[in-house]
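Number of protein chains: 2
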Amino acid sequence: MKNTIKVERAKKNWTQADLAKHIGISRQGLNSIETGKFVPSTVLALRMAKVFNTTVEILFQLDDTEA
Amino acid sequence: MKNTIKVERAKKNWTQADLAKHIGISRQGLNSIETGKFVPSTVLALRMAKVFNTTVEILFQLDDTEA
DNA sequence: ACTTTATGTCATGAATACTTGACATAAAGA
DNA sequence: TCTTTATGTCAAGTATTCATGACATAAAGT
């Protein structure tokens, strides 16, 4: 799964630690999600979309093999 | 976290087993998600939203305590 | 009455998400 | 040069998700 977390963070000028704190996750956990190592839970995806004022679909995109 | 999976299933007249098959999960797994026992992964949430032609935000709503 | 279907639930185990503490590196500032 | 900041990564442990097989129940069909 791909994501545009880095872009949205850049818009807000937030570090990974900033975002992690806002959505209630550890910095390392967020890093693993942002770099595509972990698939986040829907709760985290919804929280992220909310703080970025966007949608889960815009923030996360299924790969062709996952669709 | 709340969800409207049952409603969307009803629109399509699908059983839990039908939906589970479409999104690649076990019937019991889907039941646990639909009844709110498990928080699904974002991959599953995106697949469900897709087959129902809706969005993750419409299908899943954070509780006030989770927001 | 019997069978089938849909749902809910439980137990066990495997896979994955997430935490914490730690360390490395590169970039920027003092 | 020294320090700080941001990011990436690793290891070990805990928590959660998901699979599978099983059983119960209620509703509907025969």
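Residue numbers (the numbering used here), protein chains in the order written: chain A, 856 to 922; chain B, 856 to 922. Even for Gly, the Cβ is constructed at its ideal location relative to N, Cα and C.
In this structure Asn868(A) is not in contact with Glu889(A), their Cβ atoms being roughly 16 Å apart against a cut-off of 8 Å. Annotated as distal: Leu917(B) and Phe915(A), with beta-carbon spacing of 8 Å or more. Chain A has a Cβ within less than 8 Å of the Cβ of Phe915(B). For Asn886(B), the enclosing alpha helix (DSSP H) begins and ends at 882-889. A straight-line Cα-Cα distance of about 29 Å links Gln883(B) and Ile878(A).
Counting along the chain, Val894(B) sits inside no alpha helix (DSSP H), nor does DSSP assign it H or E at all. A Cβ-Cβ contact shorter than 8 Å links Val898(B) with Glu921(A).
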